[in-house]
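Undergrad: This structure is in structure tokens; I'll ask about it shortly.
Number of protein chains: 2
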Amino acid sequence: MTAKNKLGTESYKGVRDFFPEDMRVRNYMFRTIRETVESFGFEEYDASILEPAELYESKTSQEIVNEQTYTFTDRGDRRVTLRPEMTPTVARMVASGRRELGFPLRWYSIPNLFRYERPQRGRLREHYQLNADIFGSNSIEADIEIISLAHKILTNFGAQESDFEIRINNRGALKNALMQNMNDEEAEMELSKMDKGNSELSVKIETSEETRSIIEALKERGISNVRFDQTLVRGFSYYTGTILEVFDTNPDNNRSLFGGGRYDNLTTLFDDEQIPAVGFGMGDVTLRDFLETHGLLPEIFRDPKVFIGTVDIKPKDAQDIAENLRANNIPAEINITDKKIGDQIKLAEKHAATHMIVLGAEELKNEKFTIKNLDTREEQEFSFGAISEQVAFILK
Amino acid sequence: MTAKNKLGTESYKGVRDFFPEDMRVRNYMFRTIRETVESFGFEEYDASILEPAELYESKTSQEIVNEQTYTFTDRGDRRVTLRPEMTPTVARMVASGRRELGFPLRWYSIPNLFRYERPQRGRLREHYQLNADIFGSNSIEADIEIISLAHKILTNFGAQESDFEIRINNRGALKNALMQNMNDEEAEMELSKMDKGNSELSVKIETSEETRSIIEALKERGISNVRFDQTLVRGFSYYTGTILEVFDTNPDNNRSLFGGGRYDNLTTLFDDEQIPAVGFGMGDVTLRDFLETHGLLPEIFRDPKVFIGTVDIKPKDAQDIAENLRANNIPAEINITDKKIGDQIKLAEKHAATHMIVLGAEELKNEKFTIKNLDTREEQEFSFGAISEQVAFILK
């Protein structure tokens, strides 16, 4: 093969490669999200990124299908879309399983989503998004729990209440106010204009009783950075009640982080039974920006891992030591190169090892070796058999 | 909306919805795989499912691109493929990062892969596949480690050596034997026929010295269900040396489970530097079949989770108890319905709770409640403040 027909090593435009150092950050973020969401009793679900195109062609999101989705025709002449959002998929699944699933359901997923847009800062063609929803409850307790969960995720990342603000409104109340002067269709168009900041109307609405109760209940639970915002609209017309949007309060990054709301009619796309729902979506790119802006990403994401360097011995001579560590849930990477020990240390560091053991003929003969902490440079000698002491040193 | 224009709730053909009960099985499987692979020091990477179509159009896999991939043209007139396998992607990433990454690399990922085929038993259009590879080592130590890892994953699931067999061959040696009587192109065609069982040739090859050393080294490490199989070929022509395939030994399910091998030339698609590599891919559908056939899937996949039932009190009265449990890493789901307690118990069971607390006016007054284990029916009374005792009862 000649140089001129070599392939480029770039990914497809607008998507990301996750090298191990990127993956450690992503895993840290997803792990924190998962632990928080599961602590509230949410159960994880997932689906394929491939969906029948019709799922996005209802009135609620036609604009997106036509202009921004990846939609193509498969070899069997079916029109397929790479999901641009998870809500239609989860509504489909909930409608499909409604006889067996016990409502209310608390469900979450961290799907990857696709939109065809010109790549630009923070606007990728593929991103990940936590979706957390409660299905089958009309109660404001569900709204309260969803907002509490959004709050808890950010505070579990170490955010202070002063770092962000939760704004809430009620899209149903807003639409009702508009419909005093116009019909349903005109009201939806006006809401869409308001969302884009293009409305010339100045609608004054009072805090609805429901919104007031939600804010009070949140304050009782110790959540005080929440306020009514009558200008809040949210893009999707499927929202029917409470809507929420979380904003970064940092003056350099003052923008919407994520949002959600109540959508009580979406499952009627599939059958006549209405299943009320409330939830939110939180994208990974915006979240990472927020965490970086506020200094909340830990510098080091490494879990314990031992690199076993070898000098003039065979990898198999390190096997028992490695397997003892592995049996105690400590990853152990054995050198299989002829590199000098200095280069093996560099390798250990590149591979995110936290500790190093060097084995040579001397160590094998005496059945003793030293474990070195690669961060603190602290080291300690252990006999081959003192496994629990080795583990304790590594985990401390 | 009238009944006749309702959407169906089925997923796109040939892909799967993962309801929470399916997700728990998938998470159990992936967790076991991850823990094993990471214990060997492998680092996780990932990439988008979208790749430039050219990546699959080299000689090595043209057949697949033409007949079996999802390939389409995006709105910017670029040809895009949903990745049908991970190896070209990881070769691309390794070639791209080769100046910074320290070789040898141990990398893994569990990507979802796409193939357009008529859906049939065990042949889905989307499946997940562990990919574990060592890059940058010519040593047979890398081959040995890859085979040891494949073996360890199955035994960590509880498989016995008698449940499966690892067959190995050397595709390079096989091809050299053929090339005594034909040219390169004819040899590749013959290998392809052999792979499909259509060859009329009877090629006798001896175990190469390399293969013999690998088998001996594995036996020294206690791996005895491995044997030389001169009929083994593997489909992909990019394999250059050792090839391996793992077979189920159960007479009712006697078939290939997964495989892999050494491919030393793949990064030369991108530049002139050859980076040797060896690895394997293990699909989730076949693995699950194997585990089920051998009774290795645990019946219950639930992690501890408490459902807090409420009788004539508000959800917020259960808040402190829930938050104490959550702070100790025990998920707690609070009832937000008006359901009777019998129905709340059913809900707890549907939502995979392992324990139940029932709170009413009496419990609030006395600051005492009972925790019931929903499997064993064992119960014990605790005071509100005895948090570590509550946690101990739940985790025991």
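Chains as they are written, first to last, in the working numbering: chain R, 1 to 396; chain L, 1001 to 1396. Don't be surprised by glycine CBs; every beta carbon is placed ideally from N, CA and C.
Tell me whether the beta-carbon of M23/R lies closer than 9 Å to the beta-carbon of D1133/L.
TA: In the first sequence, counting from the first residue as 1, residue 23/R sits at position 23. In the second sequence, counting from the first residue as 1, residue 1133/L sits at position 133. Their beta carbons are not under 9 Å apart, which means M23/R does not touch D1133/L by this criterion.
Undergrad: With C-beta atoms as the reference, is L257/R less than 9 Å away from F290/R?
TA: Stepping through the first sequence from its first residue, residue 257/R is reached at position 257. Stepping through the first sequence from its first residue, residue 290/R is reached at position 290. Yes, they are a contact pair.
Undergrad: Taking a contact to mean a Cβ-Cβ separation below 9 Å, would you say I1144/L touches R1221/L in this structure?
TA: Along the second sequence, read from residue 1 onward, the residue named residue 1144/L stands at position 144. Along the second sequence, read from residue 1 onward, the residue named residue 1221/L stands at position 221. Yes, the Cβ-Cβ distance between I1144/L and R1221/L is below 9 Å.
Undergrad: From which residue to which residue does the alpha helix (DSSP H) around N1156/L run?
TA: Residue numbering aside, residue 1156/L sits at position 156 when the second sequence is read from its first letter. It spans 1140-1156 - the alpha helix (DSSP H) in which N1156/L sits, taken as one unbroken run.
Undergrad: Please confirm whether D361/R and V311/R have their CB atoms less than 9 Å apart.
TA: Position 361 of the first sequence, counted from the start, is the residue given in the question as residue 361/R. Position 311 of the first sequence, counted from the start, is the residue given in the question as residue 311/R. For clarity, residue 361/R is Ala in the given sequence; the question names Asp instead. Cβ distance < 9 Å, so A361/R and V311/R count as in contact.
Undergrad: Mapping DSSP to helix, strand and coil, what is M1093/L?
TA: Position 93 of the second sequence, counted from the start, is the residue given in the question as residue 1093/L. Helix, per DSSP.
Undergrad: Along the beta strand (DSSP E) that carries E333/R, what are the first and last residues, could you check?
TA: Residue 333/R sits at position 333 when you count from the first residue of the first sequence. Run containing E333/R: 332-334, per the beta strand (DSSP E) assignment.
Undergrad: Counting only the same chain and skipping the five closest in sequence on each side, list residues whose C-beta sits under 8 Å from that of S1401/L.
TA: Residue numbering for chain L in the displayed model covers 1001 to 1396; residue 1401/L lies beyond these limits and cannot be assessed.
Undergrad: Let me check one thing: in DSSP terms, what residues is K1368/L bridge-paired to?
TA: As a first step, residue 1368/L must be located in the second sequence, where it is residue number 368. K1368/L pairs with S1383/L.
Undergrad: I'd like the ranges of any alpha helix (DSSP H) spanning at least 4 consecutive residues and lying wholly in the stretch 248-300 of chain R.
TA: Fully enclosed alpha helix (DSSP H) runs of 4 or longer: 284-293.
Undergrad: Assuming L1359/L contacts M1029/L (C-beta within less than 8 Å), just tell me the rounded distance between them.
TA: Taking the first residue of the second sequence as 1, we reach residue 1359/L at position 359. Taking the first residue of the second sequence as 1, we reach residue 1029/L at position 29. Not really, about 36 Å apart at Cβ, beyond 8 Å.
Undergrad: Taking the beta carbon of M182/R as the centre, do at least 16 other beta carbons fall within 10 Å, making it buried, or is it exposed?
TA: To locate residue 182/R, count along the first sequence from 1; it is residue 182. That one is exposed.
Undergrad: Of the choices L296/R, G102/R, L50/R, whose alpha-carbon is the least far from that of K1346/L?
TA: Start at 1 with the first residue of the second sequence, and residue 1346/L comes out as number 346. For the residues L296/R, G102/R, L50/R, the minimum Cα distance to K1346/L belongs to G102/R.
Undergrad: Which chain R residues are close to F1270/L, counting only those with a beta carbon under 8 Å from its beta carbon?
TA: The sequence position of residue 1270/L within the second sequence is 270, counting from 1. The answer, in chain order, is K6, L7, G8, T9.
Undergrad: Who are the near neighbours of V391/R in its chain, counting only those whose CB is closer than 8 Å to its CB and skipping five residues on each side?
TA: As a first step, residue 391/R must be located in the first sequence, where it is residue number 391. Result list for V391/R: L325, N328, I330, in chain order.
Undergrad: Pull the bridge partners of S109/R from the DSSP assignment, please.
TA: Counted from its first residue, the first sequence places residue 109/R at position 109. BP columns for S109/R point to N131/R.
Undergrad: Could you name the residues of chain R that G1097/L contacts, counting a contact when the two beta carbons are closer than 8 Å?
TA: Residue 1097/L sits at position 97 when you count from the first residue of the second sequence. In chain order: F19.
Undergrad: Would S1058/L pass as an interface residue toward chain R - the criterion being a Cβ-Cβ separation below 9 Å?
TA: As a working note, residue 1058/L is residue 58 in the second sequence. Judged by the 9 Å Cβ criterion, S1058/L is in contact with chain R.
Undergrad: P52/R by DSSP, collapsed to three states: which one?
TA: Counting from 1 along the first sequence, the entry for residue 52/R is found at position 52. Three-state DSSP puts P52/R in a strand.
Undergrad: Determine the chain R residues that contact Y1319/L at a beta-carbon separation under 7 Å, and present them in chain order.
TA: By one-based count along the second sequence, residue 1319/L stands at place 319. A quick correction: the sequence has Gln, not Tyr, at residue 1319/L. Here the neighbours are R221.
Undergrad: Strictly below 7 Å CB to CB, what residues from chain L border R75/R?
TA: Indexing the first sequence from 1 puts residue 75/R at position 75. The contacting residues are Y1116.
Undergrad: Report buried or exposed for I1334/L, applying the criterion of at least 16 other Cβ atoms within 10 angstroms of its Cβ.
TA: Against the second sequence, residue 1334/L aligns to sequence position 334. I1334/L should be labelled buried.
Undergrad: If we call anything under 9 Å between Cβ atoms a contact, is T1069/L one with F1114/L?
TA: Indexing the second sequence from 1 puts residue 1069/L at position 69. Indexing the second sequence from 1 puts residue 1114/L at position 114. Against a cut-off of 9 Å, the Cβ pair of F1114/L and T1069/L comes out as a contact.
Undergrad: Please list the partners that M1023/L has in chain R, where partner means a Cβ-to-Cβ separation under 9 Å.
TA: Here residue 1023/L is taken as the residue at index 23 of the second sequence, counted from 1. Those are E43, E44, Y45, D46, S109, listed as they occur along chain R.
Undergrad: How many Å lie between N1196/L and L1232/L at the Cα?
TA: Numbered from its first residue, the second sequence carries residue 1196/L at position 196. Numbered from its first residue, the second sequence carries residue 1232/L at position 232. This sequence places Lys at residue 1196/L; Asn is not what is there. About 11 Å.
Undergrad: For H351/R, return the contacting residues in chain L, with the cut-off set at a CB-CB distance below 8 Å.
TA: For the purposes of this step, residue 351/R is identified with residue 351 of the first sequence, where counting begins at 1. Near H351/R (Cβ distances below 8 Å), the residues of chain L are G1041, E1043, G1102, L1105, R1106.
Undergrad: For R326/R, which residues in chain L fall below 7 Å Cβ to Cβ?
TA: For the purposes of this step, residue 326/R is identified with residue 326 of the first sequence, where counting begins at 1. Simply S1039.
Undergrad: The beta strand (DSSP E) spanning I1168/L covers which residue range?
TA: Counting from 1 along the second sequence, the entry for residue 1168/L is found at position 168. Note, I1168/L: beta strand (DSSP E), 1164-1170.
Undergrad: Answer with buried or exposed for Q62/R, where buried requires no fewer than 16 other C-beta atoms within 10 angstroms of its C-beta.
TA: As a working mapping, residue 62/R is identified with position 62 in the first sequence. Residue placement at Q62/R cannot be trusted, given a pLDDT of 45 that sits under 50; what the coordinates show is reported in the next sentence. Q62/R should be labelled exposed.
Undergrad: Can you grab the Cα-Cα spacing for the pair R1016/L / F1301/L, in whole Å?
TA: Position 16 of the second sequence, counting from 1, holds the residue named residue 1016/L. Position 301 of the second sequence, counting from 1, holds the residue named residue 1301/L. C-alpha separation (whole angstroms): 19 Å.
Undergrad: Looking at the secondary structure, which residues open and close the beta strand (DSSP E) in which Y70/R lies?
TA: Here residue 70/R refers to the residue found at position 70 when the first sequence is read from its first residue. Unbroken beta strand (DSSP E) run through Y70/R: 70-73.
Undergrad: Pull up the DSSP beta-bridge partners for N1373/L, would you.
TA: By 1-based counting over the second sequence, the position of residue 1373/L is 373. Looking at the DSSP assignment, N1373/L forms a beta bridge with H1355/L.
Undergrad: So what does I1243/L bridge to, in DSSP terms?
TA: Taking the first residue of the second sequence as position 1, residue 1243/L is located at position 243. Bridge partners of I1243/L: N1169/L, G1261/L.
Undergrad: Run through chain L and tell me which residues come within less than 8 Å of Y12/R, C-beta to C-beta.
TA: Position 12 of the first sequence, counted from the first residue, corresponds to residue 12/R. Going along chain L in sequence order, the residues near Y12/R (Cβ under 8 Å) are S1048, L1050, E1051, P1052, R1078, V1080.
Undergrad: Less than 9 Å between the C-beta atoms of T1354/L and D1320/L, yes or no?
TA: In the second sequence, counting from the first residue as 1, residue 1354/L sits at position 354. In the second sequence, counting from the first residue as 1, residue 1320/L sits at position 320. Taking 9 Å as the Cβ cut-off, T1354/L and D1320/L do not qualify as a contacting pair.
Undergrad: Which residues in the same chain as P315/R place their Cβ atom closer than 6 Å to its Cβ, once the five residues preceding and following it in sequence are excluded?
TA: Here residue 315/R refers to the residue found at position 315 of the first sequence. Around P315/R: I334, I336.
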